[in-house]
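Beneath this line is the structure, given in structure tokens, with notes to follow.
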Amino acid sequence: MTTSAPRPEPLPAQYAIPLALEPSPPALLLPTAYHAGLLSPALSPVSSLHPALSSQNAPLSGLQFIFPRASRPLLCTPSFSGLAPISHLQQPNLHAVRVQINAAISRGLRFESARWLAYRRNYLSITINVVFDIPLSALPTPQPSSSPLLPRSRQSVDNHNFSIVLDLRNGSQRVVKVKFFAVTVVAEDEVNGRPVELVQHTSKRDQGPRRKPVVARIRPTLSDGRIMATPISHPASLGAHGLVEDFIPMDRPASAGLSSNNPTRGSSTSPDYSTGHDSEHEQTSFDLNHESAEIVCFERIQFKRATANNGRKNTAQQMFRVVAILYAAVDETECFDGVVSNAEHGMNGIRYLEIQRVATGGVMVRGRSPGHYADRVGGGGMIQ
DNA sequence: ATCGACACAAAGGA
DNA sequence: GTCCTTTGTGTCGA
968 MTTSAPRPEP LPAQYAIPLA LEPSPPALLL PTAYHAGLLS PALSPVSSLH PALSSQNAPL
1028 SGLQFIFPRA SRPLLCTPSF SGLAPISHLQ QPNLHAVRVQ INAAISRGLR FESARWLAYR
1088 RNYLSITINV VFDIPLSALP TPQPSSSPLL PRSRQSVDNH NFSIVLDLRN GSQRVVKVKF
1148 FAVTVVAEDE VNGRPVELVQ HTSKRDQGPR RKPVVARIRP TLSDGRIMAT PISHPASLGA
1208 HGLVEDFIPM DRPASAGLSS NNPTRGSSTS PDYSTGHDSE HEQTSFDLNH ESAEIVCFER
1268 IQFKRATANN GRKNTAQQMF RVVAILYAAV DETECFDGVV SNAEHGMNGI RYLEIQRVAT
1328 GGVMVRGRSP GHYADRVGGG GMIQ
């Protein structure tokens, strides 16, 4: 043990209560906090949790961790603030659909010296949960072809129950049916909004590919009277914790996951990036696994670069923020040049329209080892 | 200074 | 106990 510092000690109790430290609106402690109703008191808790989640759905005062290795400093998360929707969803009956994106960084950040701190080389886990807020009276008719694998309390909801209102340059609007929804995570400079690259590793880390975080397709699911967004996944991609660790990238056919010989030894669930076409397969060809939770979890995310001027006095400290984005995918043919909305091209005639995003406040990202900063003037990893 | 690559070590699971 | 996987981080060179 001459080259490595000892494992970090468990966080002192005061660090495990970000609510008391976070200056911005209340933050999540755990993904399960969504289900405890902490984030959205107007919404009822979900009862159809995956056992791995529900068994740990203890009161937050117990500070239960849903991830292993309790010695890691986990589960401090800055709050994500909602911004104004960029596009508007509605149902065919013109009922407006409000969207709530709940996101948390459940691993990889520390709260130190009154700011959020990350290390470029350490993994982040970012969880996203989406709730489509529709009055019970306006709930769509469930699909008759709902998967028999679904728990009785859940039924998939046809994406075509949702439309998006596109603003056109000529001032008019156009209503387009949603083919499917997707979420992703990006980062940007807190001051100027310029993109900051994130990378996602496989469990092989340096031996595997590094990619941008995938755009994870999700499916609206009627769950106990609410429409939640369930990650579309396949059994091999479910991790040991019951959380989804891997998603169908935009450029991977949905059917590939079912036939891939993705090893499931241990908790390793390496994403398979080898195949490469987009798919417009409707999710009906891809039954929702009954173990899926209503949480998308992006594992092994890293900042590609550090913030500038870390630890230098009399210089402007650069800060990054993490952004969770909800997209609605529509047919490119329906989305002609007059569309004002923020759109990104997918493959095979799909265009991703941003519905809404939520973002953290500033996060300082250190590029070197913790020991480097601990040795600085002030010691103890002082940031100044 | 930053960042990628290589390496070692610690923790946990099989 | 061993062996393997995962991941934090020390170090070095570009």
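If you use the working numbering, the first sequence closes out at 1351, no skipped numbers anywhere. Built from N, CA and C at the ideal position, the CB exists for glycine as well. Predicted model, so just to flag it, every value in this text is computed and none were measured.
Problem - One or two residues paired with PHE1270 in a DSSP bridge - result: As a first step, residue 1270 is located in the first sequence; it is residue number 303 there, counting from the start. BP columns for PHE1270 point to LEU1165.
Problem - Cα-Cα separation between VAL1066 and THR1327, rounded to whole angstroms - result: On the first sequence, residue 1066 is found 99 positions in, with the first residue counted as 1. On the first sequence, residue 1327 is found 360 positions in, with the first residue counted as 1. Rounded to whole angstroms, VAL1066 to THR1327 spans 18 angstroms at the Cα level.
Problem - Nonlocal neighbours in the same chain, by C-beta distance under 7 angstroms from ASN1228, ignoring five residues either side - result: For the purposes of this step, residue 1228 is taken as the residue at position 261 of the first sequence. Its pLDDT being 29, under 50, ASN1228 is placed unreliably by the model, and nothing is read from it.
Exercise for the section: Take the Cβ of GLN1174 as the centre, count every other Cβ of all protein chains shown within 10 Å, and call the residue buried at 16 or more, exposed below. Expected result: Along the first sequence, read from residue 1 onward, the residue named residue 1174 stands at position 207. Its Cβ having fewer than 16 others within 10 Å, GLN1174 is exposed.
Exercise for the section: Just tell me which of THR1274, PHE1099, SER1336 and PRO1045 has its CA closest to the CA of ARG1077. Expected result: Numbered from 1 along the first sequence, position 110 holds the residue referred to as residue 1077. Cα-wise, what sits closest to ARG1077 is PRO1045.
Handout entry: Own chain, CB closer than 6 angstroms to LEU1084, minus 5 neighbours either side, in chain order
Key = Here residue 1084 is taken as the residue at index 117 of the first sequence, counted from 1. Within the same chain, LEU1084 has close Cβ partners ARG1077 and MET1331.
Exercise for the section: Can you tell me which of the three DSSP states THR1151 falls into? Expected result: Locating residue 1151 in the first sequence gives position 184, counting from the first residue. In this structure, THR1151 counts as strand in the three-state DSSP scheme.
Practice task
Check whether the Cβ atoms of VAL1325 and GLY1138 sit closer than 8 angstroms, and answer yes or no.
Solution key: The sequence position of residue 1325 within the first sequence is 358, counting from 1. The sequence position of residue 1138 within the first sequence is 171, counting from 1. Result no, Cβ atoms of VAL1325 and GLY1138 do not sit closer than 8 angstroms.
Handout entry: Whole-Å CB distance - GLN1057 paired with ASN1128, under 8 angstroms assumed
Key = Residue mapping note: residue 1057 aligns to position 90 of the first sequence, counting from 1. Residue mapping note: residue 1128 aligns to position 161 of the first sequence, counting from 1. Not quite, the Cβ-Cβ distance comes to about 10 angstroms (not below 8 angstroms), so this is no contact.
Practice task
Give the straight-line distance between the Cα atoms of VAL1181 and THR1151, rounded to the nearest whole angstrom.
Solution key: Taking the first sequence and counting its residues from 1, the one referred to as residue 1181 is at position 214. Taking the first sequence and counting its residues from 1, the one referred to as residue 1151 is at position 184. Whole-angstrom Cα-Cα distance: 6 angstroms.
Practice task
Would you kindly work out how many angstroms separate the C-alpha atoms of VAL1098 and SER1170, rounded to a whole number?
Solution key: To locate residue 1098, count along the first sequence from 1; it is residue 131. To locate residue 1170, count along the first sequence from 1; it is residue 203. Their backbone Cα atoms lie some 30 angstroms apart in a straight line.
Handout entry: Check whether ALA1070 and ALA1291 have beta carbons under 8 angstroms apart
Key = Position 103 of the first sequence, counting from 1, holds the residue named residue 1070. Position 324 of the first sequence, counting from 1, holds the residue named residue 1291. Cβ distance < 8 angstroms, so ALA1070 and ALA1291 count as in contact.
Handout entry: Nearest-angstrom Cα separation, counted from GLN1285 out to SER1080
Key = If you number the first sequence from 1, residue 1080 lands on position 113. If you number the first sequence from 1, residue 1285 lands on position 318. Approximately 15 angstroms, taken between the alpha carbons.
Exercise for the section: Name the two residues that bound the continuous alpha helix (DSSP H) containing PRO1337. Expected result: Taking the first residue of the first sequence as position 1, residue 1337 is located at position 370. Run containing PRO1337: 1337–1341, per the alpha helix (DSSP H) assignment.
Practice task
Tell me where the beta strand (DSSP E) around GLU1311 begins and ends.
Solution key: Within the first sequence, residue 1311 is the residue found at index 344, counting from 1. Its beta strand (DSSP E) spans residues 1310–1312.
Exercise for the section: With PHE1287 as the anchor, note down where its beta strand (DSSP E) starts and where it stops. Expected result: By one-based count along the first sequence, residue 1287 stands at place 320. Counting along the chain, the beta strand (DSSP E) containing PHE1287 begins and ends at 1287–1298.
Handout entry: Three-state secondary structure assigned by DSSP to GLU1261
Key = Mapped onto the first sequence, residue 1261 falls at position 294. Of the three classes helix, strand and coil, the one that applies to GLU1261 here is coil, per DSSP.
Exercise for the section: Tell me whether the beta-carbon of GLN1122 lies closer than 8 angstroms to the beta-carbon of VAL1132. Expected result: As a working note, residue 1122 is residue 155 in the first sequence. As a working note, residue 1132 is residue 165 in the first sequence. Contact flag unset, no.
Problem - Proximal residues to ARG1161 (C-beta, below 8 angstroms), its chain only, five neighbours per side dropped - result: In the first sequence, residue 1161 corresponds to position 194, counting from 1. So the list reads GLU1155, once near-sequence residues are dropped.
Problem - Residue of ILE1322, TYR1090, ILE1072 and ARG1074 minimising C-alpha distance to GLN1167 - result: To locate residue 1167, count along the first sequence from 1; it is residue 200. It is TYR1090.
Handout entry: Opening and closing residue of the beta strand (DSSP E) in which TYR1086 lies
Key = Taking the first residue of the first sequence as 1, we reach residue 1086 at position 119. Note, TYR1086: beta strand (DSSP E), 1082–1086.
Exercise for the section: Could you name the residues of the same chain whose beta carbon sits closer than 6 angstroms to that of ARG1184, not counting the 5 residues immediately before and after it, in chain order? Expected result: Position 217 of the first sequence, counted from the first residue, corresponds to residue 1184. Counting only Cβ-Cβ distances below 6 angstroms, and skipping sequence neighbours, we find PHE1147, ALA1149, ILE1199 and ILE1215.
Practice task
Note the first and the last residue of the continuous beta strand (DSSP E) segment covering HIS1055.
Solution key: Walking along the first sequence from the start, residue 1055 turns up at place 88. Residues 1055–1057.
Problem - Within 8 angstroms, strictly: CB atoms of GLU1164 and ARG1288 - result: As a first step, residue 1164 must be located in the first sequence, where it is residue number 197. As a first step, residue 1288 must be located in the first sequence, where it is residue number 321. Not in contact: GLU1164 and ARG1288 (Cβ atoms no closer than 8 angstroms).
Handout entry: Bridge partner(s) assigned by DSSP for VAL1359
Key = The first residue shown for the chain is 968 and the last is 1351, placing residue 1359 beyond what the model contains.
Problem - Check whether GLN1269 and PRO1052 have beta carbons under 8 angstroms apart - result: The residue given as residue 1269 occupies position 302 in the first sequence. The residue given as residue 1052 occupies position 85 in the first sequence. Contact: no.
Practice task
Give the straight-line distance between the Cα atoms of ALA1295 and LEU1320, rounded to the nearest whole angstrom.
Solution key: One-based indexing of the first sequence puts residue 1295 at position 328. One-based indexing of the first sequence puts residue 1320 at position 353. Looking at the two C-alpha atoms, the distance is approximately 5 angstroms.
Problem - Closest Cα partner of ARG1186 within the set VAL1145, VAL1153 and ARG1172 - result: Your numbering for residue 1186 matches position 219 in the first sequence. Comparing Cα-Cα distances from ARG1186 to each of VAL1145, VAL1153 and ARG1172, the minimum goes to VAL1145.
Problem - Where ASP1125 falls, given that 16 or more other Cβ within 10 Å makes a residue buried - result: Working through the first sequence from its first residue, we reach residue 1125 at position 158. ASP1125 is buried by the Cβ-count criterion.
Exercise for the section: Check the DSSP bridge columns for ARG1193 and list the partner residues they point to. Expected result: Within the first sequence, numbered from 1, the residue matching residue 1193 stands at position 226. For ARG1193, which the question treats as bridged, DSSP gives the partners SER1190.
Practice task
Can you tell me which of the three DSSP states ASP1156 falls into?
Solution key: Numbered from its first residue, the first sequence carries residue 1156 at position 189. Three-state result, ASP1156: strand.
Exercise for the section: Determine the contact status of ASP1100 and VAL1064, defining contact as a CB-CB distance below 8 angstroms. Expected result: On the first sequence, position 133 is the one that residue 1100 refers to. On the first sequence, position 97 is the one that residue 1064 refers to. Cβ atoms of ASP1100 and VAL1064: closer than 8 angstroms.
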